[in-house]
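Each residue of the sequence shown is one higher than the one before, starting from 330 at the first, in the numbering used here.
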Amino acid sequence: MGDHDWYQAGLAHGIELGRRQVEDEQAVIWAVCAQTARTHAERPSYAQRCDMAGEHDRAERARRRLAENGVTS
(Lines of atoms letter the chains of each structure in order from A and count residues from 1; the text may use other names and numbers.)
(Lines give C-alpha, C1' and ligand atoms only; values in the text may rest on other atoms or scores of the structure.)
Protein backbone atom coordinates (compact mmCIF):
# COMPACT_ATOMS: atom_id res chain seq x y z
CA MET A 1 0.00 0.00 0.00
CA GLY A 2 1.33 3.38 -0.93
CA ASP A 3 1.10 6.51 1.19
CA HIS A 4 -1.94 7.69 -0.76
CA ASP A 5 -3.75 4.40 -0.04
CA TRP A 6 -3.03 4.70 3.69
CA TYR A 7 -4.29 8.27 3.65
CA GLN A 8 -7.51 7.25 1.88
CA ALA A 9 -8.05 4.36 4.31
CA GLY A 10 -7.53 6.67 7.29
CA LEU A 11 -9.83 9.28 5.81
CA ALA A 12 -12.57 6.71 5.18
CA HIS A 13 -12.16 5.38 8.73
CA GLY A 14 -12.42 8.90 10.17
CA ILE A 15 -15.56 9.60 8.16
CA GLU A 16 -17.09 6.33 9.40
CA LEU A 17 -16.27 7.19 13.03
CA GLY A 18 -17.81 10.63 12.60
CA ARG A 19 -20.94 9.17 11.02
CA ARG A 20 -21.36 6.71 13.89
CA GLN A 21 -20.93 9.50 16.43
CA VAL A 22 -23.61 11.60 14.75
CA GLU A 23 -25.97 8.61 14.56
CA ASP A 24 -25.42 7.85 18.27
CA GLU A 25 -26.06 11.48 19.22
CA GLN A 26 -29.20 11.60 17.07
CA ALA A 27 -30.48 8.38 18.64
CA VAL A 28 -30.27 10.01 22.07
CA ILE A 29 -32.06 13.13 20.82
CA TRP A 30 -34.84 11.07 19.20
CA ALA A 31 -35.28 9.03 22.40
CA VAL A 32 -35.78 12.25 24.37
CA CYS A 33 -38.22 13.54 21.74
CA ALA A 34 -40.19 10.29 21.84
CA GLN A 35 -40.41 10.40 25.64
CA THR A 36 -41.53 14.04 25.52
CA ALA A 37 -44.23 13.19 22.97
CA ARG A 38 -45.48 10.29 25.11
CA THR A 39 -45.57 12.52 28.19
CA HIS A 40 -47.58 15.20 26.40
CA ALA A 41 -49.93 12.66 24.81
CA GLU A 42 -50.82 11.29 28.25
CA ARG A 43 -51.77 14.69 29.65
CA PRO A 44 -55.17 16.34 29.22
CA SER A 45 -55.33 18.85 26.39
CA TYR A 46 -55.56 22.57 27.04
CA ALA A 47 -59.27 22.46 26.21
CA GLN A 48 -59.82 19.56 28.61
CA ARG A 49 -57.99 21.43 31.37
CA CYS A 50 -60.16 24.49 30.69
CA ASP A 51 -63.27 22.31 31.00
CA MET A 52 -61.98 20.85 34.28
CA ALA A 53 -61.49 24.39 35.56
CA GLY A 54 -65.04 25.30 34.56
CA GLU A 55 -63.92 27.60 31.72
CA HIS A 56 -66.09 26.04 29.03
CA ASP A 57 -66.09 29.08 26.72
CA ARG A 58 -62.30 29.13 26.71
CA ALA A 59 -62.25 25.38 26.05
CA GLU A 60 -64.57 25.80 23.09
CA ARG A 61 -62.42 28.61 21.65
CA ALA A 62 -59.35 26.39 21.99
CA ARG A 63 -61.08 23.51 20.20
CA ARG A 64 -62.34 25.82 17.46
CA ARG A 65 -58.86 27.28 16.93
CA LEU A 66 -57.36 23.79 16.60
CA ALA A 67 -60.04 22.82 14.08
CA GLU A 68 -59.52 26.04 12.09
CA ASN A 69 -55.80 25.29 11.92
CA GLY A 70 -56.41 21.72 10.79
CA VAL A 71 -54.98 20.19 13.95
CA THR A 72 -58.24 18.41 14.79
CA SER A 73 -61.44 17.72 12.92
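C-beta atoms are modelled at their ideal positions from N, C-alpha and C, and glycine is treated no differently. Computed from a predicted model, the values in this text were never measured in an experiment.
On the criterion of 16 or more Cβ atoms from any shown chain inside 10 Å, does residue i qualify as buried, or is it exposed?
{"i": "residue 362", "result": "exposed"}
Are residue i and residue j closer than 8 Å when you measure CB to CB?
{"i": "residue 391", "j": "residue 370", "result": "no"}
{"i": "residue 379", "j": "residue 372", "result": "no"}
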